[in-house]
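S.K.:
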Amino acid sequence: MTTAPGIKLRSSAVLDEVRADLIDVYAEVRAPLLHLPNYQVTAFGERLDRHGGEPGFEAVLAYADGHAIGYAYGNRIGHGDRYWQRTSPTPAEEYTSGPAFALKEIGVRPAWRGTGTARRIHDALLATRDEPYVTLMVNPSAGDGKVHTLYRSWGYEDIGRSQPSPASPVLTVMIRAN
């Protein structure tokens with residue numbers, strides 16, 4: 009992995025400030041999957057709008073030469089949240105009894121992959137969070153399993169499965185201490 013120089017990170021808790029850049033990057037990151045209903049840009053926009061209105065929303069975007077090249081965003085979830093209700097088996101109460109940060113999306117344009125950009129964005133997003141745990145869902149087949157392996161190398165461990173919508177693949181739910 010090489011380190012990408014000249015990247016500037018920008019954080020925002022206001023979706024309207026970063027929505028266009030999030031959608032622009034998403035469209036390139038997910039280009040091979042956009043023909044599938046769950047991955048269409050309109051479906052992402054609908055999820056993004058819902059997530060942006062939930063408590064504790066925050067996004068971090070990476071920019072190079074003034075252009076967005078990657079992002080991560082998420083929000084706070086609590087006991088009884090639909091995120092936990094859809095996870096099987098039921099996660100340990102240690103994770104669900106208090107607030108956790110749900111990392112909802114992370115993506116980096118293909119030209120910037122392997123540069124450490126995803127990790128920088130991820131770490132910047134979590135640096136200001138005070139929730140004791142951070143959780144995410146990953147498609148275990150993404151990148152032929154490489155994405156799942158990458159999250160494990162960042163300290164996440166598998167705790168279950170979830171299918172957030174009928175159009176979604178079954179995802180692996182992962183968690184780590186924040």
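With the working numbering as the guide, the letters of the sequence shown map in order to residues 9 to 186. The C-beta atom is built at its ideal place from N, Cα and C for all residues, glycine as well. Fair warning: this is a prediction, and the values are worked out from it, not measured in the lab.
#1: In terms of DSSP beta bridges, what is residue 69 paired with?
#2: Is it right to say residue 112 is buried, meaning 16 or more other beta carbons lie within 10 angstroms of its own, or is it exposed?
#3: Throw me the rounded Cβ distance for the residue 99 and residue 84 pair, which I believe falls under 8 Å.
#4: Hey, could you find the ends of the beta strand (DSSP E) residue 113 is sitting in?
#5: Quick one: is residue 130 buried, meaning 16 or more other Cβ sit within 10 Å of its Cβ, or exposed?
#6: Looking only at its chain, what residues have a beta carbon closer than 8 Å to the beta carbon of residue 42, apart from the 5 residues adjacent to it on each side?
#7: Compute the distance between the beta-carbons of residue 183 and residue 143, then report whether it is under 7 Å.
#8: Thinking C-beta only, is residue 76 closer than 7 Å to residue 29?
M.R.: Let me spell this out:
#1: Its beta-bridge partners are 18 and 79.
#2: It counts as buried.
#3: The pair is not a contact, with the Cβ atoms about 16 Å apart (cut-off 8 Å).
#4: Looking at the DSSP string, the run of the beta strand (DSSP E) that includes residue 113 is 108-116.
#5: Per the 10 Å Cβ criterion, buried.
#6: Closer than 8 Å at the Cβ level, and outside the excluded window around residue 42, lie 35, 48 and 49.
#7: Less than 7 Å separates the beta-carbon of residue 183 from that of residue 143.
#8: Yes, the pair counts as a contact, with Cβ atoms nearer than the cut-off.
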